[in-house]
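A.B. asks:
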Amino acid sequence: MTSIGTGYDLSNSVFSPDGRNFQVEYAVKAVENGGTAIGIRCKDGVVLALEKLVTSKLLKKDANKRIATVDRNMGVVHSGLLPDGRHFVSRARDEASSWRSTYKAPIPVSSLANRMGAYVQAYTLYSSVRPFGITAIIGGWDAETEVDVDGAVGSGPKSGSGGKTKGVKEGGPYLYMIEPSGLYWGYYGAATGKGRQAAKAELEKLKLDPKEGDCISLEEGVKEAARIIYVAHEDSKDKDFELELTWISAVNGPTKGRHEEVPKTLREEAERLAKAALEGDDDEEEGKMEE
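According to full-length UniProt numbering, the sequence shown holds residues 1 to 291 in order.
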């Protein structure tokens, strides 16, 4: 990725002769140095998880969270530069608030991904700004026909997008990942950060596509997310980390369609199982080496 002396990496508004935007590539490199973040789309909800590296023993526990609530039905986790992530979350909340003010309902996950992808891409066009040094994973539960309308008055519509019952999107889990270039895709399982390769390999082993059979449940997704974060952390096991876990369920599920932190009991169980699975893998490897 070297470009010493060429001058094509001094501005993100200039392409190199071979069609590369070096500033965007440098932003991707910043993300690759961040803690591992993953999102899992289950049959009845979405799980977001993060490996938050502890850079100092003096830091207060649970400070500087990287998973945030954008709207009541939606959360976002990001890896890379923390200040950039905070700005991204602030803008996403503004977009969600604007949508709610106009349509009296939560913004669909796909619409937020579209708006934020365009916003991030705008930072790759001008020399006066630099690209976002983060990759963000957005997850949520869309249920226009199930969520109460804000500010319903008298005999007006009580639920749905403006009270409509036809042509509205049915409830379901959605997961998107937005890259520093502004590119975004929908995913069943997404991973970014330093341990992304190991995390992707583990995600590909899970049953996440409903068209291919039974998907994992939301509770199973929480346990798998914790295990995958611990597996991805193996390359940086000399560093301490904190596990952040949140989930969003259907309206009739444990979170009532809201983005919330995973309860302490379930989180502790997930971490215990993750550590046990990791120790089991280590024992198997030692046994093979002895043979």
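Built from N, CA and C at the ideal position, the CB exists for glycine as well.
What residues in its chain sit with their C-beta under 6 Å from that of residue 198, if we drop five residues either side in the sequence?
C.D. replies: Closer than 6 Å at Cβ, skipping near neighbours: 231, 232.
A.B. asks: Buried or exposed: where does residue 92 fall if 16 or more other Cβ atoms within 10 Å of its Cβ makes it buried?
C.D. replies: With 16 or more other Cβ atoms within 10 Å, it is buried.
A.B. asks: Are the beta-carbon atoms of residue 40 and residue 225 separated by less than 8 Å?
C.D. replies: Yes, the Cβ-Cβ distance between residue 40 and residue 225 is below 8 Å.
A.B. asks: Applying the criterion that 16 or more other CB atoms from any shown protein chain within 10 Å of the CB defines a buried residue, is residue 191 buried or exposed?
C.D. replies: By the 10 Å Cβ count, residue 191 comes out buried.
A.B. asks: Excluding the 5 residues flanking residue 272 on each side, which residues of the same chain have their C-beta closer than 6 Å to its C-beta?
C.D. replies: So the list is empty, once near-sequence residues are dropped.
A.B. asks: Please classify residue 51: does DSSP put it in a helix, a strand, or coil?
C.D. replies: Strand.
A.B. asks: Just how far apart, CA to CA, sit residue 238 and residue 55?
C.D. replies: So the alpha carbons of these two residues sit roughly 12 Å apart.
A.B. asks: Using C-beta distances below 8 Å, list every residue in its chain close to residue 62, excluding the 5 sequence neighbours before and after it, in chain order.
C.D. replies: These residues qualify, in order along the chain: 242.
A.B. asks: Would residue 194 be called buried (16 or more neighbouring beta carbons within 10 Å of its own) or exposed?
C.D. replies: Buried.
A.B. asks: Is residue 189 helix, strand or coil when you go by DSSP?
C.D. replies: If DSSP states are grouped into helix, strand and coil, residue 189 belongs with the strands.
A.B. asks: Report yes or no: do three or more beta-carbon pairs, one from the region 183-190 and one from the region 262-271, lie closer than 8 Å?
C.D. replies: These segments do not touch.
A.B. asks: Since residue 94 is in the alpha helix (DSSP H), which residue starts that stretch and which ends it?
C.D. replies: 82-103 is the extent of the alpha helix (DSSP H) around residue 94.
A.B. asks: Counting Cβ pairs, one atom from each stretch, are 3 or more of them under 8 Å apart for the region 132-142 and the region 73-84?
C.D. replies: Yes, since at least three Cβ pairs between the region 132-142 and the region 73-84 fall closer than 8 Å, the two stretches touch.
A.B. asks: Take residue 120 as the anchor and find which of 84, 255, 53, 17 has the nearest alpha-carbon.
C.D. replies: Per the Cα distances, 84.
A.B. asks: Let me know the alpha helix (DSSP H) ranges lying completely inside the region 5-71, each 4 residues or longer, listed in chain order.
C.D. replies: Qualifying alpha helix (DSSP H) stretches, in chain order: 22-32.
A.B. asks: Which residues does DSSP pair with residue 246 in a beta bridge?
C.D. replies: DSSP output for residue 246 lists 48, 261 as bridge partner(s).
A.B. asks: In this structure, does DSSP put residue 173 in helix, strand or coil?
C.D. replies: Three-state DSSP puts residue 173 in a strand.
A.B. asks: Quick one: residues in its chain with C-beta nearer than 6 Å to the C-beta of residue 278, no 5 flanking neighbours on either side, listed in chain order?
C.D. replies: So the qualifying residues of the chain are 230.
A.B. asks: Excluding the five sequence neighbours on either side, which residues of its own chain have a C-beta within less than 8 Å of the C-beta of residue 209, listed in chain order?
C.D. replies: Hits under 8 Å: 188, 215.
A.B. asks: Closer than 8 Å is the cut-off here; do at least three beta carbon pairs connect the region 16-32 with the region 91-106?
C.D. replies: Verdict: no, contact absent.
A.B. asks: Compute the beta-carbon to beta-carbon distance between residue 173 and residue 46, rounded to the nearest angstrom, for a pair I have assumed lies under 8 Å.
C.D. replies: Right, the Cβ-Cβ distance comes to about 5 Å (below 8 Å), so this counts as a contact.
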